[in-house]
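Asks:
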Amino acid sequence: MMEILITGIVLGGTYALIAVGLTLQYGVARIMNLANGENLVFACFGAFWLWSTLAINPVLGVIFIAPVAFVLNWLIYVYALRPLVNRARNRGQLEVDSILATFGLMFIAQGVMLLGFGGGYYNYNFLSEPITILGANYGLNRIVALGAAAFIAAALYLFLNHTRYGTAIRAVAVDPTAAGLVAIDVPRASAFAFALGGALTAASGALLSTFYTFNASMGTLFTMKALIIVIMGGVGDVRGAVIAALLLGITETAVASLIDPGLTLAATYALFILVLLFRPQGIFGRHPA
Amino acid sequence: MTPLLATVTRKEARIALFGAAALAVAATLPLFDTGFYLSLALNVAMYVVLCTAWTLFSGPTHYISLASAAFFGIGTYSVALGIDTLPFPLLVAVGFVASAALAGLVGIATLRLSGVYFVIFTLGLAELVRQVVTWAQTNFTHGVGLYVFTDFTETHIYWMLLALAAIVYVTGWLVNRSRLGFALRIIGNDETVARHVGIDTARAKVLLFMISGGFIGIVGACLAPRFAYVEPPSAFNPMISFQVVIMALLGGTGRLWAPLLGVIPFTILFDQVSAYFPNHTSLVIGIAFMAVVYLLPRGVIGFVDDMRRLKKRFRIVLVEDEGALGKERAS
Chain A
3 MMEILITGIV LGGTYALIAV GLTLQYGVAR IMNLANGENL VFACFGAFWL WSTLAINPVL
63 GVIFIAPVAF VLNWLIYVYA LRPLVNRARN RGQLEVDSIL ATFGLMFIAQ GVMLLGFGGG
123 YYNYNFLSEP ITILGANYGL NRIVALGAAA FIAAALYLFL NHTRYGTAIR AVAVDPTAAG
183 LVAIDVPRAS AFAFALGGAL TAASGALLST FYTFNASMGT LFTMKALIIV IMGGVGDVRG
243 AVIAALLLGI TETAVASLID PGLTLAATYA LFILVLLFRP QGIFGRHPA
Chain B
586 MTPLLATVTR KEARIALFGA AALAVAATLP LFDTGFYLSL ALNVAMYVVL CTAWTLFSGP
646 THYISLASAA FFGIGTYSVA LGIDTLPFPL LVAVGFVASA ALAGLVGIAT LRLSGVYFVI
706 FTLGLAELVR QVVTWAQTNF THGVGLYVFT DFTETHIYWM LLALAAIVYV TGWLVNRSRL
766 GFALRIIGND ETVARHVGID TARAKVLLFM ISGGFIGIVG ACLAPRFAYV EPPSAFNPMI
826 SFQVVIMALL GGTGRLWAPL LGVIPFTILF DQVSAYFPNH TSLVIGIAFM AVVYLLPRGV
886 IGFVDDMRRL KKRFRIVLVE DEGALGKERA S
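In the order they appear, the protein sequences are chains A and B. Start counting the first sequence at 3; every next residue gets the next number (my numbering). Start counting the second sequence at 586; every next residue gets the next number (my numbering).
#1: How about the stretch 684 to 693 of chain B and the stretch 664 to 671 of chain B: do they share at least three Cβ pairs that are nearer than 8 Å?
#2: What is the DSSP secondary structure of N139/A, reduced to helix, strand or coil?
#3: One question on the structure: do G29/A and V237/A come within less than 8 Å of each other, judged by their Cβ atoms?
#4: Counting C-beta neighbours from all protein chains within 10 Å, is the total for P69/A 16 or more, i.e. buried, or is it exposed?
#5: Can you tell me whether F617/B is helix, strand or coil according to DSSP?
#6: Please list the terminal residues of the continuous alpha helix (DSSP H) segment that includes R883/B.
#7: Let me make sure I understand the geometry here. Which of A605/B, I831/B, S699/B and L881/B has the alpha-carbon closest to that of C636/B?
#8: Show which residues of chain A have a CB atom less than 9 Å away from the CB atom of L868/B.
#9: Let me make sure I understand the geometry here. Which of L249/A, S219/A and V244/A has the alpha-carbon closest to that of G120/A?
#10: Taking all protein chains shown into account, decide if K896/B is buried (16 or more other Cβ within 10 angstroms of its Cβ) or exposed.
#11: Just verifying my parser: in three-state terms, what is the DSSP assignment at F196/A?
#12: Evaluate contact between the stretch 633 to 648 of chain B and the stretch 691 to 706 of chain B, counting only Cβ atoms and requiring at least three cross-stretch pairs below 8 Å.
#13: CA-CA distance, A813/B and V664/B?
#14: In three-state DSSP terms, what is Y124/A?
#15: Between F109/A and I901/B, how many whole angstroms is the CB-CB distance? I'm expecting something under 8 Å.
#16: Say the cut is 7 Å; is the CB of D239/A nearer than that to a heavy atom of the ligand GDP?
#17: I'd like the span of the alpha helix (DSSP H) that includes E5/A, first residue to last.
#18: Please report the distance separating the alpha-carbon of G182/A from that of A191/A.
#19: Can you confirm whether F851/B, when its beta carbon is compared against all beta carbons of chain A, has any partner nearer than 8 Å?
#20: If you run the structure through DSSP and keep just helix, strand and coil, what is Y632/B?
#21: Output, in chain order, the set of chain A residues within a Cβ distance shorter than 9 Å of L747/B.
#22: On the criterion of 16 or more Cβ atoms from any shown chain inside 10 Å, does N41/A qualify as buried, or is it exposed?
#23: In this structure, does DSSP put Y271/A in helix, strand or coil?
#24: By Cβ distance, which residues of its chain are closer than 6 Å to G63/A, with the 5 residues on each side in sequence left out?
#25: Check whether the stretch 868 to 886 of chain B touches the stretch 96 to 107 of chain A, taking contact to mean three or more Cβ pairs, one atom from each stretch, closer than 8 Å.
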């Protein structure tokens, strides 16, 4: 029982970073980014490459990978997505356009990675020694990854809630028009939030790669789980996303170890349907006025 | 109530005659070639039905459905599971009912909410059904693969698909002129207005999604004999969902027959790419998505409409200028 809980929390911890990344992109920049999972896979390969050629520790590798992802996502937002934002006449139009455009990005990124790395599965050995917690053994790499994820999430929380620019970003999430009226540069804050979301996802990818077998086309599955988490937690709500991610991680681990490992997605969907039927505004979301 | 045929306008009758003639010509293809070209035409026919059925729902409502692969796979599985015990036409009907039922469930869970929930739900639906089918087969039956042995050749499947295309077009036309179709056009333009004039928006959307999903299920059922050996990864191939979306959008979703303009070029392109550059297929799909969003946001048909309107306006301006010149000369 304890084992399921801890393994589930570790898995949920990585989901949490991706979902927080996505909630920033969707909640603030108003872009439903279906290519976000590809950030994660790029980072997996990046961490793998740094470790196997330059022997750079993947946890430290985050320091290189996250800024690269930040710049890449900033460029994607400014050159590919801002034209769509400017063109859209209403929110629904932007949603459809951004979904289709990010599908394009998703396939292009997958195509590039398939050409570069092939369709095979990759993994590498990093801190794969056992550590004993409460009488059960866990991989040290998983625990280290969880610690790093918690550190990043805490830093993000402090940034969003206790700095001026973080407050500005939350203001844009609540109401872009009103945020513009109080002299917040909304286009710039949107680009920043989009890039930050991509960087967070990449960070989680680098951490994930230390204990997870990855391949070039697994991004979509992570995107989908992250989307479900975002909706469960309430769009734009960082705290809700973290809790929903842990819940999903624990549920998946429980189903995998108690029923069948082949039914994890069914467990995800069961949770998703419950949320859609009973709390479509998210676990912590308020009813729309 | 006036009989249906009496309400057909002359223009509609002309389109119907032209469509019937085109189908008849297309149906003669197996007489000339039963190799490469029949195979290609079969793919075209398959995607024409899939995309038209998709457009039936996604055209007026603007909801992007990625569930096509799930419905398709359910249709294929309905045939594969029962081919030894039940007659084929009955199994096709089972495929229709099962797909429509799944569409109904998905619709009830998501279509009351905004479009994003629907997209996300359908994005993983094929994968979910695949997992459940694999799990059920490994735990309750002997193996994961199923053999489908029938006397059908590619020619028969091709003719079935052409007939199905005719049925889908007629259904689309009937829906379009019914209360349901009218309700959906209002929903697509402004859902709030639709609710305020007393339309049960959720019910209308769910109904149409069921019709659309059911037809996609039939396509999967018809294609089962072509597979011969059916297993979950091939029946629930998620690529089908994306290809349907990109082809339909490339053609345009404003009119029932518009997806045809996207299906034909894209099927040929994709056939060539997967034959000569098999590693570049994702890249091609990705570029196609970007190209449609940025260059042809309303598809080929939208582009043609714009050009026509531009030409018309241009002509009016010319006539006005000539009139002005004439006046100048007279004075």
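Even glycine gets a Cβ: it sits at the ideal position worked out from N, Cα and C. Given the structure is predicted, the values throughout are model-derived calculations rather than measurements.
Replies: This is what the structure holds:
#1: Under the three-pair Cβ rule at 8 Å, the stretch 684 to 693 of chain B does not count as touching the stretch 664 to 671 of chain B.
#2: Residue state for N139/A is assigned as strand, using DSSP reduced to three classes.
#3: yes
#4: exposed
#5: Look at F617/B here: in three-state DSSP terms it is helix.
#6: Premise fails: R883/B is in no alpha helix (DSSP H) and is neither H nor E.
#7: I831/B
#8: F109, I110, Q112, G113, V114, L116 and L117
#9: Ranking the options by Cα distance to G120/A, first place goes to S219/A.
#10: exposed
#11: helix
#12: yes
#13: 11 Å
#14: strand
#15: The beta carbons of F109/A and I901/B sit about 43 Å from each other, so the pair does not count as a contact at 8 Å.
#16: In the structure shown, the ligand GDP is absent, as is every other ligand, since no ligand is present at all.
#17: M4 to G29
#18: 10 Å
#19: no
#20: Helix, per DSSP.
#21: Simply none; closest approach about 30 Å.
#22: buried
#23: helix
#24: Here G63/A has A49, L52 and A208 as same chain residues with Cβ atoms under 6 Å from its own Cβ, once five neighbours each way along the sequence are excluded.
#25: yes
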